[in-house]
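Below: the structure, in structure tokens.
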Amino acid sequence: MDKKVNVNTIRAMKNRQRIVMLTAYDYPSSLYADRSGAQIILVGDSLAQVVLGYDNTLSITVEEMLHHTRAAGRGCKRAFLVADMPFGSYHESPVQAFQNACRFLKETPAESVKLEGGVKMAETIRFLVDRAVPVMGHIGLTPQSFHQMGGYRVQGRGEEGLRTLMEDARAVQEAGAYSIVLEGIPARAAGLITSELSIPTIGIGAGLQCDGQVLVTNDLLGLYDQFTPKFVKKYAEIGKAMEEAFKKFYEEVTDGKFPGEEHSYE
Ligand code: KIV
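The working numbering applies: residue 177 is where the sequence shown begins, and numbers increase by one.
Quick look at the structure:
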């Protein structure tokens with residue numbers, strides 16, 4: 177096994193090596209993500225949609241995130257494990273954020289939390305970092321704010337949009353985050369932010385100039401059929417493979433072909 181990844185490994189990768197982050201939500205997805213060589217495994221709140229079948233990420237609770245982070249933690253041997261803080265678990269006050277972040281660090285193997293928001297969340301990020309909670313930021317298209325954004329819309333278009341994004345990115349860095357996710361923003365904006373910041377940027381729908389890339393695992397596996405954003409590349413069709421295997425099993429049971437002798441005891 178390669179050396180265990182920690183927060184310093186990730187910081188040091190800036191301008192040296194592209195960072196690979198994958199989401200995982202349970203033991204097998206985490207195990208295979210870990211074996212791929214990815215440096216970071218994120219238990220994203222995308223869990224709400226792609227695994228639990230909710231319409232959006234707002235409904236997922238701290239308890240549900242803790243449960244899945246524990247499961248993913250069992251498969252994560254080498255990568256750095258990050259847990260998403262769900263909507264409402266950090267917005268009330270820095271103290272509330274710290275109490276919930278502590279639950280992730282104490283009750284699961286997570287080594288860091290991620291939270292959405294720029295300038296408005298800077299005080300909270302600083303509060304957590306000052307109390308030994310490593311924080312990954314997340315700006316741009318922040319899915320927990322989709323009601324406020326009027327849908328899942330690309331953020332940061334135009335000069336004004338770029339200025340706002342840049343302010344958010346700087347605020348997150350100055351607050352002490354060790355890295356930042358840039359989601360759903362123009363590639364040029366992501367490139368400018370990446371050269372401006374000294375912490376690594378990890379892009380999703382943010383072009384090639386970021387320091388690293390992440391995709392929602394179930395999207396890249398072809399295991400989520402509700403909606404596929406433009407930025408998703410499907411590296412497999414696991415959903416179709418599952419359907420075919422289940423149909424084959426159905427047929428063989430119905431036709432009396434399974435179990436055969438080789439699957440039966442004397
Ligand atoms: O919830 C999630 O999976 C995420 C990634 C898309 C960055 O936040």
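We put the CB at the ideal spot given by N, CA and C, even for glycine. Computed from a predicted model, the values in this text were never measured in an experiment.
Query, Result
"Interface flag, G332 vs chain B, CB-CB below 8 Å", "Given the protein chain composition of this structure (a single chain), no chain B is represented."
"Secondary structure of M197, DSSP reduced to three states", "strand"
"First and last residue of the uninterrupted alpha helix (DSSP H) at I186", "V183 to A188"
"I414 vs L391 beta-carbon contact at 8 Å", "no"
"heavy atom of the ligand KIV below 7 Å from L218 C-beta", "yes"
"Proximity test, E359 beta-carbon vs the ligand KIV heavy atom, cut-off 7 Å", "yes"
"For G334 and G360, the rounded distance between their alpha carbons", "14 Å"
"Complete runs of the alpha helix (DSSP H) confined to the stretch 214-251 [at least 4 residues]", "223-226 and 238-251"
"Distance between beta carbons of M312 and A353, contact taken as under 8 Å", "6 Å"
"D202 CB to nearest heavy atom of the ligand KIV below 7 Å", "no"
"Inter-stretch contact (C-beta, 8 Å, three-pair minimum) for the stretch 321-340 and the stretch 248-258", "no"
"Cβ neighbours of S235 in the same chain (closer than 7 Å, five flanking residues each side left out)", "A224"
"Boundaries (first-last residue) of the beta strand (DSSP E) holding Q324", "Here Q324 belongs to no beta strand (DSSP E); instead the alpha helix (DSSP H) covers F322 to M325."
"For D260, the first and last residue of its enclosing beta strand (DSSP E)", "F256 to D260"
"Of the listed residues K179, P405, T237 and L373, nearest to Y328 (C-alpha basis)", "P405"
"Heavy atom of the ligand KIV within 7 Å of D260 beta-carbon", "yes"
"N-terminal and C-terminal residue of the beta strand (DSSP E) that L391 is part of", "G388 to L391"
"Best match in V357, L384 and E350 for proximity to A363 [C-alpha to C-alpha]", "L384"
"Whether E292 touches Q331 by CB criterion (8 Å)", "no"
"Identified DSSP bridge partners for L358", "I315 and G379"
"Distance cut-off 7 Å: H314 Cβ against heavy atoms of the ligand KIV", "yes"
"Assumed close pair A247, D202 - CB separation to whole angstroms, cut-off 8 Å", "5 Å"
"Proximity below 8 Å, CB of A298 to CB of A366", "no"
"Check: V196 C-beta below 7 Å from any heavy atom of the ligand KIV", "no"
"Residues of its chain near V305, where Cβ-Cβ distance is below 8 Å and the 5 sequence neighbours each way are ignored", "V311, A351, G352 and A353"
"Nonlocal neighbours in the same chain, by C-beta distance under 6 Å from A277, ignoring five residues either side", "V289, L304 and V309"
"One or two residues paired with G352 in a DSSP bridge", "Note: G352 sits in no beta bridge, so no partner."
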